[in-house]
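Undergrad: 6 is the number of the first residue of the sequence shown in my numbering; add one for each residue after it. No residue lacks a Cβ here, since even glycine has one placed at the ideal position from N, Cα and C. I'd like to ask you about the structure that follows.
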Amino acid sequence: MVKTALSIGANTFAFFTRNPRGSKAKPEDPADTAKAAAMLEENHFGKLVAHGAYTMNLCTADADARAFAAGILEDDLRRMAALPGNFYNFHPGSHVGQGTQAGIDYIAAALKNALRHDYPVTVLLETMAGKGSEIGGRFEELRDILDAVGSENVGVCLDTCHVYDGGYDIVNDLNGVLAEFDRVIGLDRLHALHLNDSKNPFASHKDRHECLGKGSLGLETFRRIVNHPQLKDKPMILETPNELPGYAGEIKILREMEA
6 MVKTALSIGA NTFAFFTRNP RGSKAKPEDP ADTAKAAAML EENHFGKLVA
56 HGAYTMNLCT ADADARAFAA GILEDDLRRM AALPGNFYNF HPGSHVGQGT
106 QAGIDYIAAA LKNALRHDYP VTVLLETMAG KGSEIGGRFE ELRDILDAVG
156 SENVGVCLDT CHVYDGGYDI VNDLNGVLAE FDRVIGLDRL HALHLNDSKN
206 PFASHKDRHE CLGKGSLGLE TFRRIVNHPQ LKDKPMILET PNELPGYAGE
256 IKILREMEA
């Protein structure tokens, strides 16, 4: 993964800790991990942003599935300890008719349990588009989880497509959205960003990523983001519908935008 990131001009990257649409994880290889750590240091990479499985729903109504998801979370944080000091990002989950507060309570309980081991990783709740019964479509929901967990080892990853689809207008009022984030959560808890354009109109609550500049956010929005004094030094991860050449092109565009 490090070599691939270098080949497209990246100085950070995301990776899945296991099958993103399942639960299986490859056996750990200490020698491979040590080699990767050395390459990361040698090439001055920033912090990495691992991603939990999409199927991990910590607030599902099914108690067995909820317990299984909590076990995945705990195992992922243990595995992340092999590359200390990085981030682990995940979708908070969907409450599936139980109500927002019940979902928040389940997520917070799972996080508190997993964090009891004090692994050297910061967990990030991803901002969501508010589709269906998703938790995390409003900043207040993420704040309530953070408050319930009560740990500085939990923060937020802001996804540009998700917040725009969720009703936060980063196209016309980026500063206003960041001020609202700061008021509700605190910008000190914002640790990383997912840079994605959107196939959808504002506040659609649909969550469909688009390549940079080809969607409703537009390239100027990303120019403002990569140069914003409160954002520019944070890890920024591309999740656009691309292959490697496309990612290389987008990284080149973003670097050329930097003031």
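I'd like to know if the segment 24–37 and the segment 47–54 are in contact, where contact means that at least 3 CB-CB pairs between them fall below 8 Å.
TA: no
Undergrad: Taking one C-beta from the segment 148–156 and one from the segment 70–79 each time, how about it: are there three or more such pairs within less than 8 Å?
TA: Short answer: they don't touch.
Undergrad: CB-CB under 6 Å to V128, same chain, minus the five flanking residues each way: which ones, in chain order?
TA: Y93 and V159
Undergrad: In terms of alpha-carbon separation, which member of K136, A197 and D187 lies closest to G172?
TA: K136
Undergrad: Could you give the DSSP three-state label for G181: helix, strand or coil?
TA: Assignment of G181 by DSSP, reduced to helix, strand and coil, places it in the helix class.
Undergrad: Between the Cα of G218 and the Cα atoms of V126, R188, L259 and H122, which residue gives the shortest distance?
TA: Minimum Cα distance to G218 is reached at L259.
Undergrad: Using C-beta distances below 6 Å, list every residue in its chain close to C166, excluding the 5 sequence neighbours before and after it, in chain order.
TA: N201, S203 and H214
Undergrad: Can you give me the start and stop residues for the alpha helix (DSSP H) that G251 sits inside?
TA: L249 to M262
Undergrad: Ends of the beta strand (DSSP E) at Y93?
TA: N91 to F95
Undergrad: Going straight from the alpha carbon of P250 to that of S12, what length do you get?
TA: 10 Å
Undergrad: Distance check for M262 and G102, CA to CA, integer angstroms please.
TA: Cα to Cα, G102 sits roughly 43 Å from M262.
Undergrad: Applying the 10 Å Cβ sphere with the 16-neighbour rule, what's the burial state of K237?
TA: exposed
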